[in-house]
Each structure stands twice: as structure tokens, then as C-alpha cells.
Amino acid sequence: MSSAPHPTHAHPTSLKLSEADEAIVQSLLRAHQGGPAVDEQVAKAGITSLEQAYALQERLYAALGHAPGVPPYWKSGGPSRSDPMRHAPLPVAGVRPSGSSLGALPLRHRWVEAEIALRLGQAVTPDAAWRLTPEDAPALVDALCVSIELVDTRWAAGRAVPPLLKLADLQVHGALVLGEFRPFAPFKSHDWAGQECQVRIGTQVRAFRGSLGVGDPTWVLPDWLRHLSRHGATVPAGTVVSTGTWCGLLDAQVGDEVSVEFPGVGMTALRF
């Protein structure tokens, strides 16, 4: 795994949180630290806009102990190119190298997503982010790797929680396991529609082909970079984003060994 880039200080969010918002953040924080799951009923009435959900997300990330600045690890994506992209910073403590054991993490659920992670090879200013097109985006990437995202939720309703509440809770992120980064240059014109993906959970193997909802992992970059720079921050070189699931959401259990391989790209593995 590459070392995390130095943070670049961003302008604070423009939305001031209320006392009720802060109470939601503190409840989620306790749940992230192994406390009880959070009843979503009060939050459902209180979280009513995308801007508010992102502000809660930023506050929660800070409350987890992260310094101000652009977070070094992210998730981004959407079901298809016609759907809105959603983004969330990933707590550094949950970003692990391939082969890691995740048994010590306070996970409530072990939902597995097979993904491709991209690493920026250059800093991206707000102006550059707003001008960026999907065609230009691959030139910003210097490396890629196979990643496994562990999806988890601190809400008591589990998968049934509404979208804005998922977003506030770091888009229901649990952990990210990164394989070995390799140069991106050979993949700038890659046939992602023909790319195979194999997921092994315990003794069960599932195979997928061309199954990323947005088609090409770099598709997420323009919207993601505009999101990160919307308050005036420059996104540092070395920032990493995992770009969405190729396998839907698969269940794993305590004790399972999980591996993901994208033939020709790489693989990564973990233990619960």
C-alpha cells in the first residue's frame, strides 16, 4: 500500500450543524467505536437534504480523529452513469493491505464488494476539477489496484436505511483492503466491458464480467474531484478512490477468508 498523501487544508463546509445534527454525529461515533447501533427514526426526520447529509459525513469523519484537510482515501460511485454519484471519505484506521485480518474491527455486518481503486498521479485544483471530462480523467491516474470494500452500517435498520442516512454514515463503509498498486498507463484504453472478476468467500466462488455499473472505473473521477474541491481545496497527488462494486453486495461471516481477482489486473485478500 502506498503511504498516505499529506493533507491539503480545505475550506470548512458551508452548512452549520444544529444541536440535533451534532447528537446524530455523536451517536454514530459511538457506534463506530463499538457502541450500540443507532435508531434511525429521529434521524429520518432530521436529515432532509444532500447538503446536510454530506455535512454530517464530514463532521463524523473529523470526530473519528482525522485532521483537517482532504482525506487520503475515498469511495465513490453509483449504480449507473445516469444515476447521481455519491462519495465518502474512508477512515484511515480501516484501510489495510492485502492479506490483513479484520477480526479486531468493530464490524456489525460483513458485506463484500469487489472493486478497483485508483490513485491520483498529480494534484487537482478546483478549476481543473470543474473542467475535467470523462475523456480527460484517465490522464490523472498513475496507479490502480484491486480493492475489497467491507460495507457496514451503524444504523439499526441495516440495509433498509434511507439513502441520506447511509450517506451521513460514510456511505455505510466498514473497511477497505488494497492490493498491490501497479502502473495505470497500460489500462488507459482497457476493455473494462470484457474484464472478468472472481470473488471467493470461504469455499464459494462467484464470477462476474463487465459488471461495474458505470462501465469504466475512471468515470467516477470528474464528479468525485468536483465534490472534493467544492469548498476550494486542491486534491493532493496520491489520493486514492475505490470506484464501486463489480459483484453487488455479498455476505461473509466471521472466520471467512475472502479473495478477489481481476485477471490481468491483480488480486487482494482478507480474513475475518
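In terms of the numbering used here, the sequence shown opens at residue 1 and continues consecutively. Cβ coordinates follow ideal geometry from the N, Cα and C atoms, glycine included. Nothing here was measured: the structure is a model prediction, and the numbers come from that model.
So what's residue i in DSSP terms, helix, strand or just coil?
i, result
"A157", "coil"
"P5", "Because the pLDDT of P5 is 42, which lies under 50, any placement of that residue in the model is unreliable, and the number read from its coordinates should be weighed accordingly. DSSP places P5 in coil when its eight states are reduced to three."
"P12", "Low confidence applies here, because P12 scores a pLDDT of 43, under 50, leaving its location unreliable; read the following figure in that light. DSSP places P12 in coil when its eight states are reduced to three."
"T268", "strand"
"H173", "strand"
"E19", "helix"
Give me whichever residues DSSP pairs with residue i in a beta bridge.
i, result
"M85", "None, per the DSSP bridge assignment."
"P97", "L178"
When the distance is taken between beta carbons, is residue j closer than 7 Å to residue i?
i, j, result
"L90", "R59", "no"
"L165", "A20", "no"
"R108", "D152", "yes"
"F181", "A139", "no"
"G330", "A175", "Absent from the model: residue 330. The displayed extent of the chain is 1 to 272, so no value can be given."
"V141", "L178", "no"
Can you tell me whether residue i is buried or exposed? The criterion is at least 16 other CB atoms within 10 Å of its CB, across all chains shown.
i, result
"A55", "buried"
"E51", "exposed"
"W224", "buried"
"D136", "exposed"
"G255", "exposed"
"K188", "exposed"
"R209", "exposed"
"T239", "buried"
"H9", "Here H9 scores only 39 on pLDDT, less than 50, and its place in the model should not be relied on; the value that follows carries that caveat. It counts as exposed."
"R159", "exposed"
"W246", "buried"
"R131", "exposed"
"P12", "Low confidence applies here, because P12 scores a pLDDT of 43, under 50, leaving its location unreliable and the question unanswered by this model."
By the DSSP assignment, the beta strand (DSSP E) with residue i in it spans what residues?
i, result
"I201", "E196 to I201"
"S142", "According to the sequence displayed, residue 142 carries Asp and not Ser. From DSSP, the beta strand (DSSP E) with D142 extends over V141 to V151."
"W74", "Y73 to G77"
"L118", "W111 to L120"
What residue range is occupied by the uninterrupted alpha helix (DSSP H) comprising residue i?
i, result
"D127", "P126 to R131"
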